[in-house]
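To keep things clear, I will list the structure first and then write my remarks on it.
Residue numbers (my numbering), protein chains in the order written: chain A, 11 to 541; chain B, 27 to 391.
Structure (structure tokens):
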């Protein structure tokens, strides 16, 4: 067999010998990399003088761990994987075989049992095994739950794949209800469940959905029309300040100001669009970046209107279509109208459904537009602008509509954001936000709504989940805060995803029309656009 | 120009000039393309054929001159005054490109639907009505799919309608580009080297497609493949250095000694003799000192003709920036006046059929 021959040729030096050599190289590289990062640390002594702390022990630990990792990978990991590959080719199990070995019924049962037992004895754990181990066990519990969920997803993957959109929407609609029910059972009281759901609905649900909506809006400009926009957060800011200022000064309702915010953002989208129409690629990116900064600087410096860096506060809450409010002092407070107990969770759950509705509107309009001539013209513009002109497409208006539509959804999201926060300041609209939104679009796969939603969930949900890793404090010391590493992890995740899937999670493109059968278009044929 | 020919001509190019800085790409070019005919535009590399196309389809604004398109309904457009995208939309001139420009990430069907953009935009009430699901967009959309299917069948691509355009073989991409241009419903179809890079079988299929299109749409064609030009075109215009050197039926053009000298007939080895016979001093001087590597890789016609980085003058008052002897048609004229008999001998002494069918350059660029 050809495969086994080549694998033998690779192992002329036995794997262990090669592993020794590779481990030495890896150790040398790690030493060179970390000698200043880890080996030395600047610190202040008791009289506030700068001193150099030496941490040779830690450095050696890191280097030795690197060497061991490399050694075991080369000596045992690589031959194992090569053998697996040969075995898989022989048995024809490729490529699902690795996953099917990983997700097995006994392991699934163990994970379920483990999770249930750990949940049941949760409160008793610190007393039984000590604080340190209890934190680790909680992490283990989370891993067991994730593993069990992954098993379920793996075994129903064909069904999930076929009905992904429906299942996804159903899961999103049921999410707050499930959270409240589970936490109510856990806390054995509905009020406790509502109170506990705040974090899950607000920090996870709403936060992720805002980014999903922003990324779906930017997707129209970047993913469909191929115009690289680095200043998307400007439209988010326009929408947010439109609602904040008009709402707090004139007392207008959210439901009136939502379209106004969208229209204003769209207007600024066109204003940005006009001067940059002739620019392409890098030049376009730089001008849009500058536009984003201009808006932020105007917000900071136009103190009479925007109150400068101090921001606008006291932004009115959204009402339940004017029928009920979420201020407990109002006569038509939801608790009084419906005769239920007072809780801040109602507003959060209402906001969750509001942003879900807005995000689904974005998705609906985007999928609808893609099947319309203007949506096809956007994609055609990304593929080849000159050919578009030769077919009688007015590229100027087509680009402007892409900018305006994308900006409009950014404006909607901005209005929602300021209603949710009750406070806006220019701090929220820095370049990093634009970069994160763009990163989500690129990671998700440009043009794919599902991929972008998954990317937003992983990126935003992942950084939020870092806050849950409190048990790490017991290993790394009290001043260890995992969320400070979120940008490092964000960057690492991006590098890994881009190496693994260069066109994003969903690299293929769904055609907008078909004659006989709908076949996804491979990412290798689509272009990214040149601006 | 008689009134009858005015009515007959779908496209009239009059005194067209295109200058890029000091470089004159087209100088005082006039010709016309008749309705229901295939007009071919031929000429050596760099003769300005694609520049003429770019002027007609609005990608360049000509420096001088007038390009008139006479529609079948009696309307008339001055193409040099229309914005780029309105030329296909209003004047109904469609084009293809020398280096194929398809929407490679979109399926064949989508490519043809994009071509019907303006029609569908109107039907969808400029997106707004279509987005709300009212109006006749659904019906118009179904009609546009039918039209796309019609052209896919004509181009023999209907089996691959749902594949990405970038996945097609080269010849099929050429046919798809023509089908896409036809989906805009043009009155004049401008094809920039449609047969470039095609094998003989694909080339024959292309001829059939073009003859089919000709029944409904006039065609203006740039082509290097003489078998295509001679077989299907009704009228041939020959350019050299942006200037028309011949104009007429394929038969008259293939026997025109100026065309043979400029484009079809003179082999590289013969250029030297022609030039020395003409008495070009520069050439004789250069021959004496040996090859000039700065101007070319070796003894080729382009080297002997001197640097062609500039071009020759075309009309009175235009400066002559090219070396003497660059234009081979001019060489022929000069030579004909010195020794009137020789070139005709050369033209007739050629083995018949060899020169007109030989490609001046191989395949694609």
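All C-beta atoms, glycine included, are put in the ideal place defined by N, C-alpha and C.
Query, Result
"Pair within 8 Å by beta-carbon distance, residue 458 (chain A) and residue 319 (chain A)", "no"
"Cα-Cα separation between residue 276 (chain A) and residue 227 (chain A), rounded to whole angstroms", "11 Å"
"Those residues which DSSP pairs with residue 190 (chain B) across a bridge", "B:133"
"Below-8 Å beta-carbon distance, residue 521 (chain A) vs any chain B residue", "yes"
"Given residue 37 (chain A) as reference, the closest of A:81, A:165, A:237 and A:61 once Cα atoms are compared", "A:81"
"Selection from B:230, B:266 and B:268 that minimises the alpha carbon distance to residue 256 (chain B)", "B:230"
"Residues that residue 403 (chain A) contacts on chain B, provided the C-beta gap is smaller than 7 Å", "111 and 143"
"Residue burial classification, residue 163 (chain B) (beta-carbon count within 10 angstroms, cutoff 16)", "buried"
"Anticipated Cβ contact below 8 Å, residue 386 (chain A) with residue 139 (chain B), distance rounded", "6 Å"
"C-beta atoms of residue 225 (chain A) and residue 466 (chain A) nearer than 8 Å", "yes"
"Residue 120 (chain B) - partner residues in DSSP beta bridges", "B:215"
"Residue closest to residue 217 (chain A), alpha-carbon to alpha-carbon, out of A:118, A:363 and A:167", "A:363"
"Supposed close pair residue 65 (chain B), residue 253 (chain B) - CB separation, criterion 8 Å", "With 8 Å as the limit, residue 65 (chain B) and residue 253 (chain B) do not qualify as a contact, their Cβ atoms being about 17 Å apart."
"For residue 66 (chain A) and residue 356 (chain A), the rounded distance between their alpha carbons", "54 Å"
"Terminal residues of the alpha helix (DSSP H) in which residue 192 (chain A) lies", "174 to 197"
"Residues near residue 177 (chain B) in its chain [Cβ-Cβ closer than 7 Å; skip 5 each side]", "138, 205, 208 and 209"
"Short CB-CB distance (under 8 Å) between residue 42 (chain B) and chain A", "no"
"Under the three-state DSSP convention, the category residue 503 (chain A) falls into", "helix"
"Environment of residue 527 (chain A) [buried if 16+ CB atoms lie within 10 Å]", "exposed"
"CB contact check: residue 399 (chain A) to chain B, cutoff 8 Å", "yes"
"Listed by chain order, chain B residues near residue 531 (chain A) by CB distance under 8 Å", "131, 132, 133 and 190"
"Cα-Cα separation between residue 350 (chain A) and residue 367 (chain A), rounded to whole angstroms", "25 Å"
"Spatial neighbours of residue 341 (chain B) in its chain, beta-carbon cut-off 8 Å, leaving aside the 5 residues before and after", "Caution is warranted here: a pLDDT of 43 is assigned to residue 341 (chain B), below 50, making its placement in the model unreliable, and the coordinate value is therefore given only provisionally. Excluding residues within five positions, the ones whose Cβ falls inside 8 Å are 53 and 54."
"Stretch-stretch touch, CB-based, cutoff 8 Å, three pairs: the stretch 242 to 260 of chain A with the stretch 314 to 328 of chain A", "yes"
"Environment of residue 305 (chain B) [buried if 16+ CB atoms lie within 10 Å]", "With a pLDDT of only 49 at residue 305 (chain B), under the threshold of 50, the placement of this residue in the model should not be trusted; the figure read from the coordinates follows. Residue 305 (chain B) is exposed by the Cβ-count criterion."
"Closer than 8 Å at the beta carbon, the chain B residues around residue 277 (chain A)", "In chain order: nothing, as chain B lies at least about 17 Å away."
"C-alpha distance - residue 46 (chain B) paired with residue 106 (chain B), whole-angstrom precision", "16 Å"
"Distance, residue 212 (chain A) Cα to residue 206 (chain A) Cα", "11 Å"
"Residues, ordered as in the chain, of the stretch 150 to 182 of chain B that lie near chain A by beta-carbon distance below 7 Å", "150, 153, 156, 157, 171 and 175"
"DSSP beta-bridge partners of residue 37 (chain B)", "B:59 and B:95"
"For residue 86 (chain A), the nearest candidate out of A:45, A:46 and A:29 (CA to CA)", "A:29"
"7 Å Cβ cut-off: residues of chain A touching residue 114 (chain B)", "400, 401 and 402"
"Exposed unless 16 or more other CB atoms sit within 10 angstroms - verdict on residue 141 (chain B)", "buried"
"N- and C-terminal bounds of the alpha helix (DSSP H) containing residue 220 (chain A)", "217 to 229"
"First through last residue of the beta strand (DSSP E) which encompasses residue 235 (chain A)", "Where residue 235 (chain A) is concerned, there is no enclosing beta strand (DSSP E), given that its DSSP letter is neither H nor E."
"Residue 246 (chain A) versus A:520, A:428, A:460 and A:532, residue with shortest Cα-Cα distance", "A:428"
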